[in-house]
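Read through the structure below, which is laid out as structure tokens, and then see the notes.
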Amino acid sequence: MYRSRAVVLGAGIVGAACARELAHAGFETLVVDRAGPAGATSAHGEGNVLVSDKGPGPELELAVLSRRLWPGTLEEIGQRHPERAGAAEWIPKGGIVVATSDAGAEALMSFADEQRAAGVRAERLGSGALLAAEPHLTPAHTAAVHYPDDAQVQPTGAAAALLADALDAGAELRTGCEVTGAVVRDGRLTGVRHRDGVLGGDLFVNAAGPWAGRLGTLLGAPVHVEPRRGDVLVTAPLPPTVFHKVYDADYVGAVGSSAEDLQTSAVVESTRAGTVLIGSSRRRVGFDARLRPEALSAVARKALRLFPSLAGVPVMRAYGGFRPYVPDHLPVIGADPRLPGLWHATGHEGAGIGLSVGTGRLLAELVTGREPSLDPAPFRVDRPAVTDRVEEERA
Ligand SMILES: Cc1cc2nc3c(=O)[nH]c(=O)nc-3n(C[C@H](O)[C@H](O)[C@H](O)COP(=O)(O)OP(=O)(O)OC[C@H]3O[C@@H](n4cnc5c(N)ncnc54)[C@H](O)[C@@H]3O)c2cc1C
1 MYRSRAVVLG AGIVGAACAR ELAHAGFETL VVDRAGPAGA TSAHGEGNVL VSDKGPGPEL
61 ELAVLSRRLW PGTLEEIGQR HPERAGAAEW IPKGGIVVAT SDAGAEALMS FADEQRAAGV
121 RAERLGSGAL LAAEPHLTPA HTAAVHYPDD AQVQPTGAAA ALLADALDAG AELRTGCEVT
181 GAVVRDGRLT GVRHRDGVLG GDLFVNAAGP WAGRLGTLLG APVHVEPRRG DVLVTAPLPP
241 TVFHKVYDAD YVGAVGSSAE DLQTSAVVES TRAGTVLIGS SRRRVGFDAR LRPEALSAVA
301 RKALRLFPSL AGVPVMRAYG GFRPYVPDHL PVIGADPRLP GLWHATGHEG AGIGLSVGTG
361 RLLAELVTGR EPSLDPAPFR VDRPAVTDRV EEERA
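Residue numbers are given in the UniProt record's numbering: position 319 of the sequence shown equals residue 319, and the series is strictly consecutive.
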């Protein structure tokens with residue numbers, strides 16, 4: 001029996017999640033990456049799975065879907081391979097957003113009200129409850145909200161678990177294979193070119209993360225996805241100091257901003273290894289991978305405002321990566337109407353780890369014509385932010 005062949009271009013966490021869903025849906029699935037799996041952005045971020053930082057709208061809906069899918073997905077994987085699910089380090093620890101100014105408190109409270117109206121659990125914490133939950137937090141806070149549904153994963157462990165599960169379901173992986181162009185027959189994408197030949201298929205999924213714009217151009221269907229740099233500090237392992245995902249109320253503004261210049265906010269979380277991750281910055285500097293001391297020190301200053309006791313703690317290393325940024329801050333998920341056979345699953349900016357499983361589910365639902373779990377229209381490819389602006393820039 002002929003099985004449709006799906007070729008997923010990119011083996012980051014989004015490609016892995018798409019491949020898993022497609023393989024389980026019965027597609028003959030091939031995952032292609034120019035390097036190895038989960039070695040690019042998915043290995044250079046943090047592992048927040050957040051509902052707390054998203055206002056009512058399509059991204060929140062995708063986040064809620066993903067949050068619902070994560071535990072079951074890892075449970076299914078864990079029934080067959082407990083060590084793989086374990087490596088994903090799922091911790092439903094909850095998030096706490098903290099304001100340190102009166103204006104910040106007001107903004108935080110009205111944001112939380114809107115989220116509550118959209119069904120998100122968001123509980124105001126009084127000072128006593130806050131300091132009981134986070135004893136090392138600054139006493140100079142003005143408001144705090146607890147989001148019990150925030151969680152975290154270890155991103156590369158999670159990506160590897162999703163990909164390995166796709167392979168168990170019959171998918172194949174081809175690494176060291178850079179896609180360089182398209183084979184188009186009668187207006188339909190039927191193959192992708194690489195150095196040694198052509199890979200044919202019935203459908204192709206552009207899951208190339210921050211390189212999705214470049215890949216789209218190579219395939220003849222440009223999309224406006226570009227890199228947005230972020231840097232993170234990692235402390236040496238510490239005794240338990242930070243118990244939730246804790247971030248300052250400015251974070252939501254930095255995420256939603258489209259400014260090219262440096263935006264920073266403090267997002268502080270401990271990992272199972274005992275290290276504390278202190279993120280993060282946002283800046284559009286192309287693919288310039290140099291670490292920026294000024295970005296790191298701005299992030300550190302803001303983290304110290306939340307956790308003064310981190311002042312004496314040794315920093316073990318710093319790293320950074322490129323978020324796949326779309327000007328309207330929404331992922332691109334769906335068929336490309338300009339080139340039948342091409343689909344996109346990209347543009348998740350700073351939330352692609354958390355949103356990966358919902359993205360894979362939605363993509364597979366669209367590909368197979370099943371009832372989608374949520375309205376896919378806001379993520380469509382032919383929206384102005386994704387295609388018009390590319391045309392404008394080229395004009
Ligand atoms: C500092 C920082 C902090 C972050 N924190 C979080 C967080 O806490 N929570 C969260 O949810 N998200 C976070 N993110 C965002 C998250 O990391 C990304 O949204 C996610 O990793 C994107 O995954 P991806 O699979 O789309 O891209 P990638 O992981 O970059 O994968 C794309 C793959 O495509 C391959 N590729 C590219 N071009 C080609 C080609 N021509 N041929 C073949 N292969 C190709 C690449 O080699 C790569 O492996 C953070 C990001 C950064 C930078």
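Built from N, CA and C at the ideal position, the CB exists for glycine as well.
None of these values were measured; they are calculated from a predicted model.
CB residue i to CB residue j, shorter than 7 Å?
i: residue 332; j: residue 381; result: yes
i: residue 403; j: residue 7; result: Here the chain covers residues 1 to 395 and nothing more, so residue 403 does not appear.
i: residue 229; j: residue 285; result: yes
i: residue 178; j: residue 5; result: no
i: residue 397; j: residue 171; result: For the chain, the structure presents residues 1 to 395; residue 397 sits outside this window and is missing.
i: residue 396; j: residue 41; result: Summary: the structure shown does not reach residue 396, with the chain confined to residues 1 through 395, and so no result is reported for it.
i: residue 212; j: residue 225; result: yes
i: residue 96; j: residue 144; result: yes
i: residue 287; j: residue 222; result: no
i: residue 232; j: residue 325; result: no
i: residue 53; j: residue 299; result: no
i: residue 138; j: residue 306; result: yes
i: residue 362; j: residue 378; result: no
i: residue 89; j: residue 45; result: no
Quick one: grab the DSSP three-state call for residue i.
i: residue 243; result: coil
i: residue 394; result: A caution first: residue 394 carries a pLDDT of 48, below 50, which makes its placement in the model too unreliable to give a value.
i: residue 3; result: coil
i: residue 47; result: coil
i: residue 168; result: helix
i: residue 371; result: coil
i: residue 379; result: helix
i: residue 388; result: helix
i: residue 344; result: strand
i: residue 324; result: strand
i: residue 151; result: strand
i: residue 401; result: The structure shown does not extend to residue 401, since the chain spans only 1 to 395, so no value can be given for it.
i: residue 159; result: helix
Is it the case that the CB of residue i approaches a heavy atom of ligand 3 more closely than 6 Å?
i: residue 72; result: Absence of ligand 3 is noted for the structure shown, with ligand 1 being the only ligands found.
Buried or exposed: residue i, going by 16 or more other Cβ atoms within 10 Å of its Cβ?
i: residue 280; result: buried
i: residue 293; result: exposed
i: residue 196; result: exposed
i: residue 208; result: buried
i: residue 147; result: buried
i: residue 394; result: Unreliable positioning characterises residue 394 in this predicted model, as indicated by a pLDDT of 48, which lies under 50. The coordinate reading is nonetheless provided below. So residue 394 counts as exposed.
* To do: Run through the segment 245-285 for me and flag every whole alpha helix (DSSP H) of 4 or more residues, listed as ranges in chain order.
  => Within the segment 245-285, the complete alpha helix (DSSP H) runs of at least 4 residues fall at 251-256.
* Ignoring anything shorter than 4 residues or poking outside the segment 174-227, list the alpha helix (DSSP H) runs there in chain order. => Taking only runs of at least 4 residues, the alpha helix (DSSP H) segments lying wholly in the segment 174-227 are 212-219.
* **Any beta strand (DSSP E) of 3 or more consecutive residues that is wholly inside the segment 65-146** => Runs found: 95-99.
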